[in-house]
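Presented below is the structure to which this report refers.
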Amino acid sequence: MPAEDTNTRAWQIYGQRQLARSYTPPIPDQLGWTPWEGIGPGAEVLGDIAGRRVLDIGSGAGHHAVHLVQAHGVRVTGIELSPTQHERAVSAHADVDGLEFVQADVAKYLAGAEPFDAAYAIGTLAFIDPHRSLPALRDGLRPGAPISFPYFGFGEQMGSHQR
Numbered sequence: 011m012p013a014e015d016t017n018t019r020a021w022q023i024y025g026q027r028q029l030a031r032s033y034t035p036p037i038p039d040q041l042g043w044t045p046w047e048g049i050g051p052g053a054e055v056l057g058d059i060a061g062r063r064v065l066d067i068g069s070g071a072g073h074h075a076v077h078l079v080q081a082h083g084v085r086v087t088g089i090e091l092s093p094t095q096h097e098r099a100v101s102a103h104a105d106v107d108g109l110e111f112v113q114a115d116v117a118k119y120l121a122g123a124e125p126f127d128a129a130y131a132i133g134t135l136a137f138i139d140p141h142r143s144l145p146a147l148r149d150g151l152r153p154g155a156p157i158s159f160p161y162f163g164f165g166e167q168m169g170s171h172q173r
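Right, here's the structure in full:
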């Protein structure tokens, strides 16, 4: 079984367990790029995003996307491959204006989407084949759009992409 399929199955099981427990993470005060609360930068790594369209890759339960919408006035699309993780986000946050959750593969979704102004992934891109995800992000973001994704969860940040 390919690694992506194994990862997809694992996140589906994880989401199901969290649904069974009725667990929804609290909305954070800032984006949490690292496993350590309060360590590392917040949304400022994405630049001036107020009023912009932002893609949350692997949005999980949706709590980071909600933070960005409420604290920074952005429009966020949370993309999640796992049906159970998507269900968690929708069941907890479907009523948040400026927030949309999509259950899909990020590379396939971006192929037909209007380009985004910024994107981020918190602990997600390590589970997706970079030969698929990185070209999709290059093509699915506006030129110069910032993208941030921690390197193995330790908060390293990538800058604006160039075509």
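Remember, the working numbering sits 10 above the position in the sequence shown when you count from 1. Each residue gets a CB set at the ideal place from its N, CA and C atoms; glycine is no exception. These numbers were taken from a predicted model, which means no experiment stands behind them.
Cβ shell of residue i (< 8 Å), same chain only, five flanking positions each side left out
i	result
P93	Q22, G25 and Q113
R142	A117
Strand pairing of residue i, partner residues [DSSP]
i	result
S158	Y130
L65	T87 and A129
L56	None; L56 has no bridge partner.
L29	L29 is not bridged to any residue.
L151	F126
Neighbourhood of residue i by C-beta, 6 Å cutoff - its chain only, sequence neighbours within 5 removed
i	result
V84	I59, R62, V64 and L78
R19	none
F159	A131 and L135
A146	A117 and L120
Sub-8 Å separation of residue i and residue j beta-carbons
i	j	result
D105	V86	no
G72	L120	no
F126	N17	no
Sequence-distant residues of its chain with Cβ nearer than 7 Å to residue i (five each side left out)
i	result
D139	E14
V76	I37, H103, V106 and L109
H82	A53, I59 and A60
S69	A75, G88, I89, E90, A99 and F111
S29	Checking the displayed sequence, the identity of residue 29 turns out to be Leu instead of Ser. The residues are T94, E97 and R98.
A123	G150
R27	none
P12	none
Residue i beta carbon near the ligand SAH (any heavy atom closer than 7 Å)
i	result
A20	In the structure on display, the ligand SAH does not appear, and there are no ligands present to speak of.
Presumed contact (8 Å Cβ cut-off) between residue i and residue j, rounded CB distance
i	j	result
L41	P156	Going by Cβ atoms, the distance from L41 to P156 rounds to 13 Å, so no, they are not a contact pair.
Short CB-CB distance (under 8 Å) between residue i and chain B
i	result
H103	Protein chain content of the structure displayed is limited to a single chain, and chain B is not contained in it.
(request) For the segment 110–146, list the beta strand (DSSP E) runs that are entirely contained and at least 3 residues long, ordered along the chain. (result) 128–130
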